[in-house]
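A.B. asks: The sequence shown begins at 1 in UniProt numbering and counts up one residue at a time. Quick reminder that beta carbons are idealized off the backbone N, C-alpha and C, glycines included.
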Amino acid sequence: MQWESLGVCAQFGKQPWQCADSLREGRGGLGRGGGLALLHPLHFKCGLSSTKCWIGAPISEWCWQSQVLWALLPALSPSFGVTPSVREGQKIFLVKMLACENTVTAAIRELVPESQAYMDLLAFERKLDQTIMRKRVDIQEALKRPMKQKRKLRLYISNTFNPAKPDADDSDGSIASWELRVEGKLLDDVSILLNPGKLKRKFSSFFKSLVIELDKDLYGPDNHLVEWHRTPTTQETDGFQVKRPGDVSVRCTLLLMLDYQPPQFKLDPRLARLLGIHTQTRSCIIQALWQYVKTNKLQDSHDKEYINCDKYFQQIFDCPRLKFSEIPQRLTNLLLPPDPIVINHVISVDPNDQKKTACYDIDVEVEDPLKSQMSSFLLSTANQQEIASLDNKIHETIESINQLKIQRDFMLSFSRDPKGYIQDWLKSQSRDLKLMTDVVGNPEEERRAEFYHEPWSQEAVSRYFYSKIQQRRQELEQALAVRNT
1 MQWESLGVCA
11 QFGKQPWQCA
21 DSLREGRGGL
31 GRGGGLALLH
41 PLHFKCGLSS
51 TKCWIGAPIS
61 EWCWQSQVLW
71 ALLPALSPSF
81 GVTPSVREGQ
91 KIFLVKMLAC
101 ENTVTAAIRE
111 LVPESQAYMD
121 LLAFERKLDQ
131 TIMRKRVDIQ
141 EALKRPMKQK
151 RKLRLYISNT
161 FNPAKPDADD
171 SDGSIASWEL
181 RVEGKLLDDV
191 SILLNPGKLK
201 RKFSSFFKSL
211 VIELDKDLYG
221 PDNHLVEWHR
231 TPTTQETDGF
241 QVKRPGDVSV
251 RCTLLLMLDY
261 QPPQFKLDPR
271 LARLLGIHTQ
281 TRSCIIQALW
291 QYVKTNKLQD
301 SHDKEYINCD
311 KYFQQIFDCP
321 RLKFSEIPQR
331 LTNLLLPPDP
341 IVINHVISVD
351 PNDQKKTACY
361 DIDVEVEDPL
371 KSQMSSFLLS
381 TANQQEIASL
391 DNKIHETIES
401 INQLKIQRDF
411 MLSFSRDPKG
421 YIQDWLKSQS
431 RDLKLMTDVV
441 GNPEEERRAE
451 FYHEPWSQEA
461 VSRYFYSKIQ
471 QRRQELEQAL
481 AVRNT
């Protein structure tokens with residue numbers, strides 16, 4: 001729906017509501033479309049092109065369907081968008097009009113029955129717009145909730161052994177060492193398949209921390225731990241690498257803490273047994289608690305704000321009765337950090353050992369690939385410019401049709417009764433001229449104007465003009481006599 005932007009009310013030195021009264025009084029009575037005939041063009045603008053009701057053209061019904069907000073209403077205050085300006089001594093008041101649709105009037109539909117097909121298309125377009133709007137709202141609501149998918153992250157743990165080289169020049173080559181590598185990738189990454197140009201997610205982005213614990217007896221209490229913890233400035237990487245001197249097989253333990261988004265918590269064993277949940281987000285835990293309360297009818301029948309604890313709730317929350325709004329605070333002591341993933345691995349230095357690479361599959365949560373597509377759909381403006389251009393063309397076409405309808409009504413009314421139409425038009429012009437030139441007549445004398453149409457008025461007019469002519473002749477004769485002397 002576009003805005004019918006401005007109607008122009010122009011007059012000399014008058015207030016806008018006086019012009020508005022004139023326009024309202026002139027409506028109706030001329031031709032099929034009604035009619036006020038104007039001394040100056042009255043512009044109506046809908047969309048991006050304007051329509052003019054020229055001199056002598058009646059304003060048809062379509063011009064009034066928008067229900068102009070006249071100056072008598074509060075809408076004419078500056079805060080409602082009325083813009084006064086001065087141009088060539090005239091006061092131009094721009095009056096905002098109500099919204100108009102791209103509809104064809106009933107009068108035009110009677111003249112052109114085929115226009116009903118256009119109205120059917122408009123109805124279909126409205127239904128389509130409503131459907132698209134509902135879908136957009138549904139997508140916006142869906143994006144507010146976490147959209148996760150369970151995926152498999154395959155973890156590769158491998159090691160290599162570099163034996164000592166007695167003839168090596170550097171110190172690193174003369175000492176035996178081993179190297180441990182921890183890498184991984186998502187299996188069947190759908191987001192990469194859907195969007196080949198998208199960058200692959202780094203391995204480290206799945207974890208909050210990684211700790212490799214080596215044999216304390218071999219590397220001592222100060223050098224047996226290798227730790228990596230995520231910080232706000234962490235640079236993501238595709239894997240981790242640890243290198244240590246040694247020529248014997250080493251047992252190590254890997255502790256991997258997943259980076260849950262949103263954060264997840266491990267439940268207290270008592271609460272976990274009650275709800276059947278081991279690790280979950282805070283919102284899911286509260287939702288499960290509320291479901292348990294409803295299932296067991298623990299909500300107080302008189303005061304819905306309170307929950308009457310059963311024996312299990314009393315053991316967990318240590319109170320016979322509590323408000324449901326207190327549960328998030330009481331949950332703080334019952335939620336623990338999730339357990340890390342523990343992997344035991346042997347770093348083998350035996351050259352004959354073929355099992356130097358171990359694979360493990362870890363369940364991780366990743367963003368649903370549809371989420372990016374949904375966001376792109378909401379932010380997409382690819383077709384908006386084309387749609388706006390087509391809407392403007394429709395506006396211009398409808399206005400052209402309405403203008404042709406005005407011209408047709410004018411010509412039709414004139415052809416039916418030329419004399420009567422011209423007389424009515426002159427009466428309308430006379431009323432508008434008085435308002436525009438600030439000439440106010442005597443209503444009482446105008447009401448009794450029949451007195452001046454009696455037969456004596458013709459003789460009186462002739463005598464008046466004769467006396468004026470004689471007076472002018474005498475003035476000319478006197479002027480000539482003075483010049484001759």
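#1: Figure out for me which residue from Glu236, Gly220, Lys405, Ser209 has the closest Cα to the Cα of residue 545.
#2: For the alpha helix (DSSP H) containing threonine 381, list its first residue and its last residue.
#3: Please report the residue range of the alpha helix (DSSP H) in which serine 457 lies.
#4: With a cut-off of 8 Å on the beta carbons, I'd call residue 487 and glutamine 149 a contact; round off their distance for me.
#5: Using only the alpha-carbon positions, how far apart do leucine 143 and arginine 134 sit?
#6: Any chance the region 300–318 sits against the region 242–260, with 3 or more Cβ pairs inside 8 Å?
#7: What residue does the alpha helix (DSSP H) around threonine 295 start on, and which one ends it?
#8: Considering only C-alpha positions, which residue in the set Arg230, His229, Leu214 is nearest to valine 250?
#9: Per DSSP, aspartate 361 forms a beta bridge with which residues?
#10: Is it buried or exposed, asparagine 344, if we count other Cβ atoms within 10 angstroms and call 16 or more buried?
#11: Check whether the region 147–166 and the region 355–365 are in contact - that is, three or more C-beta pairs closer than 8 Å.
#12: Return the residue from the list Leu322, Ile316, Thr253 that minimises the CA-CA distance to leucine 334.
#13: Any idea what DSSP makes of arginine 230, helix, strand or coil?
#14: Do the region 263–283 and the region 222–231 meet, that is, are 3 or more Cβ pairs less than 8 Å apart?
#15: Which residues in the same chain have their Cβ closer than 8 Å to the Cβ of lysine 202, if we skip the five residues on either side of it in sequence?
#16: Counting C-beta neighbours from all protein chains within 10 Å, is the total for phenylalanine 465 16 or more, i.e. buried, or is it exposed?
#17: So what does DSSP say about histidine 302, is it helix, strand or coil?
#18: Give the range of the beta strand (DSSP E) segment to which glutamine 264 is assigned.
#19: Let me know if methionine 436 comes out buried or exposed under the rule of 16 or more other beta-carbons within 10 Å of its beta-carbon.
#20: Taking the continuous alpha helix (DSSP H) assigned at glutamate 446, which residues delimit it?
#21: Spatial neighbours of serine 204 within its chain, please: CB distance less than 6 Å, with the 5 preceding and 5 following residues excluded, ordered by chain position.
#22: Please work out which residues of its chain come closer than 8 Å, Cβ to Cβ, to serine 283, disregarding the five sequence neighbours upstream and downstream, and give them in chain order.
#23: Which whole-angstrom value describes the C-beta separation of asparagine 102 and histidine 395, a residue pair presumed to lie in contact below a C-beta threshold of 8 Å?
#24: Suppose you measure from the CA of isoleucine 285 to the CA of valine 293; what does that come to, to the nearest Å?
#25: Looking at leucine 210 and cysteine 359, is the spacing between their C-beta atoms short of 8 Å?
#26: Please classify glycine 239: does DSSP put it in a helix, a strand, or coil?
#27: Check the C-beta distance from leucine 180 over to asparagine 159 and give it rounded, since I have them as a contact under 8 Å.
#28: Which residue marks the beginning of the beta strand (DSSP E) containing arginine 321, and which one marks its end?
#29: Would alanine 106 and lysine 405 qualify as a contact pair, given that the criterion is a beta-carbon distance under 8 Å?
#30: So which of Val104, Tyr421, Trp178, Leu267 has the shortest CA-CA distance to proline 337?
#31: Between which two residues does the beta strand (DSSP E) holding leucine 258 run?
#32: Assign glycine 220 to one of two classes, buried (16 or more other C-beta atoms within 10 Å of its C-beta) or exposed (fewer than that).
C.D. replies: Looking at the coordinates:
#1: The structure shown does not extend to residue 545, since the chain is modelled only from 1 to 485, so the question has no answer here.
#2: First-last for threonine 381: undefined, no H or E at that position.
#3: From DSSP, the alpha helix (DSSP H) with serine 457 extends over 456–484.
#4: The structure shown does not extend to residue 487, since the chain is modelled only from 1 to 485, so the question has no answer here.
#5: Taking the straight line from one Cα to the other gives about 14 Å.
#6: The answer is no - the region 242–260 does not touch the region 300–318, with fewer than three Cβ pairs under 8 Å.
#7: 282–295
#8: Leu214
#9: Arg154
#10: exposed
#11: yes
#12: Ile316
#13: coil
#14: These segments do not touch.
#15: Glu236, Thr237, Asp238
#16: When all chains shown are included, phenylalanine 465 counts as exposed.
#17: coil
#18: Residues 264–267.
#19: When all chains shown are included, methionine 436 counts as buried.
#20: 443–447
#21: Glu236, Thr237
#22: Pro262
#23: 6 Å
#24: 12 Å
#25: no
#26: strand
#27: 5 Å
#28: Residues 321–323.
#29: Taking 8 Å as the Cβ cut-off, alanine 106 and lysine 405 do not qualify as a contacting pair.
#30: The shortest C-alpha separation from proline 337 is found at Leu267.
#31: 250–258
#32: exposed
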